[in-house]
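S.K.: Heads up: the sequence shown at position 71 corresponds to 67 in this note's numbering, and the numbers run straight through without jumps. From the three backbone atoms N, C-alpha and C, an ideal C-beta is built for every residue, glycine too. To start, I am sharing the structure in question, which I have written as structure tokens.
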Amino acid sequence: MWRDGVLVAEDLPHAELAEQMRAQNTLVWVDLVDPSPADLEVLARDLGLSAGSIEDAMAPHERPKVVRHPGYLFFQTYATAGVDLPVASDPQTGVAVADVVGRDGTLSLSRVSGYVLPQALVTVRLDDRFDMSEVVRRWTEDYDLVELGEGALLHGLLDTIVDGHFDTIQRLDDAIEALEDLLFEDKQTGADFARTIFGLRKDLVQLRRVVLPMREVVNGLLRHRPSGHSELDSAYDDLYDHVLRAAEWTESLRDMVTTLFETNLSLQDAHLNIVMRKLAGWAAIIAVPTAITGWFGQNVPYWGFQDSTGLWASVVLIAVLSVGLFAAFRRNGWV
């Protein structure tokens, strides 16, 4: 609980919650982690929340959204709780290919729902994978912002979630660039490379489902912002710009993964054509001695028959024609 922008309590009794929310110049934050339906029912009764919004907070497979109810706003978002990919320590060197190839889709999401009431913010998390300590740090470092009310708390929460999206997108971008470098090396790609591309595509599809709807969430908050302070206008405009950038970046990465997959197939087809061309060239070279030895092996008298000159003549013909074919194929890049 804050009063006049100053933190005054960190463990507020439930019995005092409703009373403190009505106190002047007071701001309250309630965080519920993996609550039971009974916990939410008690909270709904004390704060006047509708049964529909309580059901939305607990129901599975809900999409990011913001819904306006009489007296409060209900929002639902997803934070990227983790992605098992390395981060490039040096932007110029990038990520080592060995750290990326062979990894399956590893994106983990954590749902964060909440209720924005006058002078209060209630957050509901179904698990503790999303770390709230960064959100609290932002709130406590900017006392002036906290003085602007529940809208400032909501902005700090959403800003942290969107920054997490950017971090995940950056990791995926680094991984894709590492795979691009591997494509044009002499070493041929294999099943691990294809599995990695497929895993990255799964991550991006999952990330896209939570990043793109954030535009609607922030846009809805811009229309029905819970605080009347004009000082928050620029903050929410900047947040909306970040959401747009994250959505555009995610779309571009999906195109890059598709291009990476198609390029890999094209290079494999080109490599197969080279192999078939070389096999055809060697087959033509091998056909020369086969034809000559088959011809001279017939049981009829010929020049050099039963004489060493015939042996040497066949050897010279094999050597000259084979070397000539090899030189011609080599010059044309067929072998």
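1. Measure the C-alpha to C-alpha separation of Pro60 and Asn260 and round it to an integer number of angstroms.
2. Do Ala334 and Met17 have their C-beta atoms within less than 8 Å of each other?
3. Should Leu122 and Asp30 be called a contact, given that it needs their Cβ atoms to be closer than 8 Å?
4. I need the straight-line Cα distance from His267 to Arg273, nearest angstrom please.
5. Quick check: the Cα distance between Glu37 and Glu173, rounded to an integer number of angstroms?
6. Strictly by DSSP, which residues pair up with Trp25?
7. Suppose contacts are defined by Cβ-Cβ distances below 8 Å. Is Val207 in contact with Thr246 by that definition?
8. Out of Met210, Asp303, Leu141, which one is the CA nearest neighbour of Glu338?
9. At a Cβ threshold of 8 Å, is Leu168 touching chain C?
10. CA-CA distance, Thr254 and Thr156?
11. Just to confirm the assignment: which complete alpha helix (DSSP H) runs, minimum length 4, are found wholly within the segment 122 to 174?
12. Are there 16 or more other CB atoms within 10 angstroms of the CB of Ile270, so buried, or fewer, so exposed?
13. CB of Asn21 to nearest heavy atom of the ligand GDP: below 7 Å?
14. What residue range does the beta strand (DSSP E) around Arg64 cover?
15. Apply the 10 Å Cβ neighbour rule to Pro87 and answer buried if 16 or more other Cβ atoms are within range, or exposed otherwise.
16. Measure the alpha-carbon distance for Pro9 versus Val239 and round it to whole angstroms.
17. Among Trp308, Ala287, His220, Ser248, which has the Cα closest to the Cα of Val63?
18. Have a look at Asp127 and Glu146 and give me their C-alpha separation to the nearest angstrom.
19. State buried or exposed for Gln72, treating a residue as buried only when at least 16 other CB atoms are found within 10 Å of its CB.
M.R.: Answer, in terms of the structure:
1. As a position in the sequence shown, residue 60 is number 64, starting the count at 1. As a position in the sequence shown, residue 260 is number 264, starting the count at 1. One C-alpha to the other measures close to 35 Å.
2. Here the chain has residues from -3 to 331 only, and residue 334 is not among them.
3. Walking along the sequence shown from the start, residue 122 turns up at place 126. Walking along the sequence shown from the start, residue 30 turns up at place 34. A distance below 8 Å separates the beta carbons of Leu122 and Asp30.
4. For the purposes of this step, residue 267 is identified with residue 271 of the sequence shown, where counting begins at 1. For the purposes of this step, residue 273 is identified with residue 277 of the sequence shown, where counting begins at 1. Answer to the nearest angstrom: the Cα atoms are 10 Å apart.
5. Within the sequence shown, residue 37 is the residue found at index 41, counting from 1. Within the sequence shown, residue 173 is the residue found at index 177, counting from 1. Approximately 49 Å, taken between the alpha carbons.
6. In the sequence shown, residue 25 corresponds to position 29, counting from 1. In DSSP, Trp25 forms a bridge with Leu117.
7. Along the sequence shown, one-based indexing puts residue 207 at 211. Along the sequence shown, one-based indexing puts residue 246 at 250. Contact: yes.
8. Look at the range of the chain in this structure, -3 to 331, and you will see that residue 338 is not part of it.
9. In the displayed structure, chain C is absent; only one protein chain is listed.
10. Position 258 of the sequence shown, counting from 1, holds the residue named residue 254. Position 160 of the sequence shown, counting from 1, holds the residue named residue 156. Take the alpha-carbon of Thr254 and the one of Thr156: they are about 30 Å apart.
11. Residue ranges of uninterrupted alpha helix (DSSP H) with 4 or more members, entirely inside the segment 122 to 174 and ordered along the chain, are 129 to 137, 139 to 142.
12. Start at 1 with the first residue of the sequence shown, and residue 270 comes out as number 274. Exposed.
13. Among the ligands in the structure shown, none appear at all, so the ligand GDP cannot be discussed.
14. The count along the sequence shown starts at 1 and reaches residue 64 at position 68. First-last of the beta strand (DSSP E) with Arg64: 61 to 65.
15. Counting from one through the sequence shown, the residue named residue 87 turns up at place 91. Note that Pro87 scores 41 on pLDDT, short of 50, meaning its location in the model is unreliable; the coordinates nonetheless yield the value given after this. Exposed: under 16 other Cβ atoms inside 10 Å.
16. Locating residue 9 in the sequence shown gives position 13, counting from the first residue. Locating residue 239 in the sequence shown gives position 243, counting from the first residue. Distance between the alpha carbons of Pro9 and Val239: 36 Å.
17. Position 67 of the sequence shown, counted from the start, is the residue given in the question as residue 63. The candidate whose alpha carbon is nearest that of Val63 is His220.
18. The residue labelled residue 127 in the question sits at position 131 within the sequence shown. The residue labelled residue 146 in the question sits at position 150 within the sequence shown. So the alpha carbons of these two residues sit roughly 20 Å apart.
19. For this step, residue 72 is matched to residue 76 along the sequence shown. With 16 or more Cβ atoms within 10 Å of its Cβ, Gln72 is classed as buried.
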